[in-house]
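In our numbering, the protein residues as written are 440 to 711.
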């Protein structure tokens, strides 16, 4: 992505980090970048790399580095198709034809000299981040443990994946069995809590789909991009983001609601 014009790595990042990253940008790479140039789309005005950058993050969990092929592509496709924060035209046949090329494109990158130099630098950067945020990591774990006890999450292990090139404002998460992975461009406690709460809030909102859809007013502070095409999935997606944002703010103040059902329905009623 970096070699294909991606520039969101610089948002709210340290100037020295930006300078380091830009050292790896080259006019010509030792691998074909045509696959990655198609990550950028025009379906999301706020962040044109959504959702394709995210779908590749998830796809990386389903690729064998020994054979450079997909492991259970059917499961991966099923996962992407069940997400309600992706528009239908963003996961059409054109998308699936494109994403099938990912293992081969990734292999070329991983075997290139340019990437190996970057990887060496990134490993050093991550080691420094681990030391820098050691105390905060312990605080995050304590907070997530309380969330787990309060909301009955089945997650047994949490992984935080920091990648310096990722946009600060596009954190993602992926649940595989009982492991929850957070993918972040910058270590931010609020982002980690926010993404974790999506996992807890999503099934609760699904229980009240019709109640949510009966509400017609916009949700305060939620960007219109969350409404997708304005269909049922878009409205549910926007409401989930609204609830998660409010709940994150409260938890960061160490205020834990004990009943998510009551909290969600109460917030919906207050909007009337």
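In this text, a Cβ means the ideal position worked out from N, Cα and C, and glycines have one as well. Only a predicted model underlies this, so the values are computations on that prediction, with no experimental measurement involved.
Nearest-angstrom beta carbon gap, residue 684 and residue 635 [assumed within contact, 8 Å]:
What you label residue 635 is simply residue 196 of the chain shown in a count that begins at 1. What you label residue 684 is simply residue 245 of the chain shown in a count that begins at 1. That belief does not hold up - the Cβ atoms of residue 635 and residue 684 are roughly 13 Å apart, past 8 Å.
Taking the alpha-carbon of residue 459 as reference, which of 664, 665 and 449 has the nearest alpha-carbon?
By one-based count along the chain shown, residue 459 stands at place 20. Out of 664, 665 and 449, 449 has the C-alpha closest to the C-alpha of residue 459.
Which of helix, strand or coil DSSP assigns to residue 598:
For this step, residue 598 is matched to residue 159 along the chain shown. Three-state result, residue 598: strand.
Residue 519 and residue 510: beta carbons closer than 8 Å?
Against the chain shown, residue 519 aligns to sequence position 80. Against the chain shown, residue 510 aligns to sequence position 71. Cβ distance not < 8 Å, so residue 519 and residue 510 don't count as in contact.
For residue 609, which residues of its own chain have a beta-carbon under 8 Å away from its beta-carbon, when the five flanking residues on both sides are left out?
For this step, residue 609 is matched to residue 170 along the chain shown. Excluding positions up to five away in sequence, the list reads 447, 486, 488, 489, 492, 493 and 624.
Top-ranked residue by Cα proximity to residue 463, from 650, 441 and 453
One-based indexing of the chain shown puts residue 463 at position 24. Per the Cα distances, 441.
Pick out the complete alpha helix (DSSP H) segments inside the region 679-711, 4 residues or longer, and give them in chain order.
Complete alpha helix (DSSP H) runs here, min 4: 699-709.
Backbone CA spacing between residue 575 and residue 533 [nearest angstrom]:
For the purposes of this step, residue 575 is taken as residue 136 along the chain shown, with counting starting at 1. For the purposes of this step, residue 533 is taken as residue 94 along the chain shown, with counting starting at 1. Taking the straight line joining both Cα atoms gives about 42 Å.
Can you tell me where the beta strand (DSSP E) holding residue 620 begins and where it ends?
Walking along the chain shown from the start, residue 620 turns up at place 181. For residue 620, the uninterrupted beta strand (DSSP E) run begins and ends at 618-623, by DSSP.
Meets three-Cβ-pair contact criterion under 8 Å: the region 627-647 and the region 577-595
Under the Cβ criterion (8 Å, minimum of three pairs), the region 627-647 counts as touching the region 577-595.
In this structure, does DSSP put residue 582 in helix, strand or coil?
The residue you call residue 582 lines up with position 143 of the chain shown. Note: residue 582 maps to helix in three-state DSSP.
Could you tell me whether the region 591-606 touches the region 552-568, where touching means 3 or more Cβ pairs closer than 8 Å?
Yes, since at least three Cβ pairs between the region 591-606 and the region 552-568 fall closer than 8 Å, the two stretches touch.
Tell me whether the region 676-683 and the region 650-661 touch, counting them as touching only if at least three CB pairs, one residue from each stretch, are closer than 8 Å.
A contact exists between the region 676-683 and the region 650-661.
What alpha helix (DSSP H) runs, 4 residues minimum, are completely inside the region 487-527?
Entirely contained in the region 487-527, the alpha helix (DSSP H) runs reaching 4 residues are, in chain order, 491-498 and 512-521.
Is the beta carbon of residue 468 sitting closer than 8 Å to the one on residue 531?
Here residue 468 refers to the residue found at position 29 of the chain shown. Here residue 531 refers to the residue found at position 92 of the chain shown. With respect to residue 531, residue 468 sits apart: the two C-beta atoms are not nearer than 8 Å.
Looking only at C-alpha atoms, which of 620, 444 and 451 sits nearest to residue 607?
Position 168 of the chain shown, counted from the start, is the residue given in the question as residue 607. Closest by alpha carbon: 451.
Residue 658 - DSSP class collapsed to helix/strand/coil
Locating residue 658 in the chain shown gives position 219, where the first residue counts as 1. In the structure shown, residue 658 adopts coil according to DSSP, grouped into three states.
Among residues of its own chain, excluding the 5 on either side of residue 505, which ones have a beta-carbon nearer than 6 Å to its beta-carbon?
Working through the chain shown from its first residue, we reach residue 505 at position 66. Nothing listed; no residue qualifies.
Going by CA-CA distance only, name the one from 535, 555, 703 and 619 that's closest to residue 650.
By 1-based counting over the chain shown, the position of residue 650 is 211. Of 535, 555, 703 and 619, the residue nearest in Cα terms is 703.
For residue 612, name the three-state secondary structure that DSSP assigns.
Taking the first residue of the chain shown as 1, we reach residue 612 at position 173. It is a strand residue.
What is the DSSP secondary structure of residue 592, reduced to helix, strand or coil?
Position 153 of the chain shown holds residue 592. It is coil, neither helix nor strand.
Please work out which residues of its chain come closer than 8 Å, Cβ to Cβ, to residue 671, disregarding the five sequence neighbours upstream and downstream, and give them in chain order.
In the chain shown, residue 671 corresponds to position 232, counting from 1. Correct list, in chain order: 648 and 652.
So what does DSSP say about residue 644, is it helix, strand or coil?
Here residue 644 refers to the residue found at position 205 when the chain shown is read from its first residue. Of the three classes helix, strand and coil, the one that applies to residue 644 here is helix, per DSSP.
What is the rounded straight-line gap between the Cα of residue 542 and the Cα of residue 698?
Residue 542 sits at position 103 when you count from the first residue of the chain shown. Residue 698 sits at position 259 when you count from the first residue of the chain shown. If I take the Cα positions, the gap works out to 43 Å.
Nearest residue (CA-CA) to residue 581, options 631, 559 and 569
Along the chain shown, one-based indexing puts residue 581 at 142. Nearest C-alpha to residue 581: 631.
Would you mind stating whether residue 676 and residue 686 have Cβ atoms separated by less than 8 Å?
Against the chain shown, residue 676 aligns to sequence position 237. Against the chain shown, residue 686 aligns to sequence position 247. Their beta carbons are not under 8 Å apart, which means residue 676 does not touch residue 686 by this criterion.
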